[in-house]
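Read the structure below first, then the notes.
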Amino acid sequence: LTVRISASELGNTKAFKFFAVAISGLVVDPVTGDLDGTNSKADVAPGGGVGLFPYTVNIAKPTLVVRGLATTPAAPKGGKTFTMRMTAARSDTGAVLQNGRVTCVGRAGTARLRAQLARVQGGAVVCTWLIPANAKGKTFRGSVTVVFEGLSASRSISRRIS
């Protein structure tokens, strides 16, 4: 017999105790619907009615997992905005982030670009930069980082500016 309990169902439980009961030969009276235990056998563990089994809940520290990264447009264009969208989720619950502290770093060649938008929006970490019109032919390097409850996730890209 295997019993599986999701950590999310335990809340902040660090330990618990349990016992197990197995019953065989239990039948249902077809007329009344009552249980008939006349010929049933039962076993209890731990045996002899002594105590409970202790169990310590060991849950790994959660992380943020990057589920996807997309850019709009596919490659940055001089004089236009360029957006990176990263989706991140908690490893323990699978919940996609709906908030957090966002840091956006962008460069066109050696020039640092200030992000016009840096926030979590619609379940995605969003960073938007205005690519200078004179940056055509240079390389855009950008990174997106989100910090939520002390956990962080980050992704970087490097693309030629057209």
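Counting in my numbering, the sequence shown runs from 1064 upward without gaps.
In this text, a Cβ means the ideal position worked out from N, Cα and C, and glycines have one as well.
Computed from a predicted structure; not experimentally measured.
Cβ neighbours of residue i in the same chain (closer than 7 Å, five flanking residues each side left out)
i: Pro1228; result: Because the chain is modelled from 1064 through 1225, residue 1228 falls outside the range shown and cannot be assessed.
i: Gly1200; result: Ile1224
i: Arg1067; result: none
i: Val1210; result: Gly1163, Arg1164
Burial state of residue i, where buried means 16 or more other Cβ atoms lie within 10 Å
i: Gly1169; result: buried
i: Thr1065; result: exposed
Whole-Å CB distance - residue i paired with residue j, under 8 Å assumed
i: Gly1100; j: Leu1089; result: 6 Å
i: Lys1077; j: Val1120; result: 6 Å
i: Pro1125; j: Asp1097; result: Wrong, their Cβ atoms sit about 48 Å apart, outside the cutoff.
i: Leu1127; j: Arg1164; result: At roughly 12 Å, the Cβ-Cβ gap does not stay under 8 Å, so Leu1127 and Arg1164 are not in contact.
Same chain, Cβ closer than 6 Å to residue i, five either side skipped, listed in chain order
i: Gly1142; result: Ala1196
i: Ala1105; result: Ile1086
i: Thr1166; result: Thr1208
C-alpha gap between residue i and residue j, whole angstroms
i: Arg1148; j: Val1159; result: 13 Å
i: Thr1191; j: Ala1178; result: 6 Å
i: Ala1137; j: Ala1151; result: 20 Å
Practice task
Assess, as a yes-or-no matter, whether the stretch 1125 to 1140 is touched by the stretch 1172 to 1182 under the definition of 3 or more beta carbon pairs within less than 8 Å.
Solution key: No, because fewer than three Cβ pairs between the stretch 1172 to 1182 and the stretch 1125 to 1140 fall closer than 8 Å, the two stretches do not touch.
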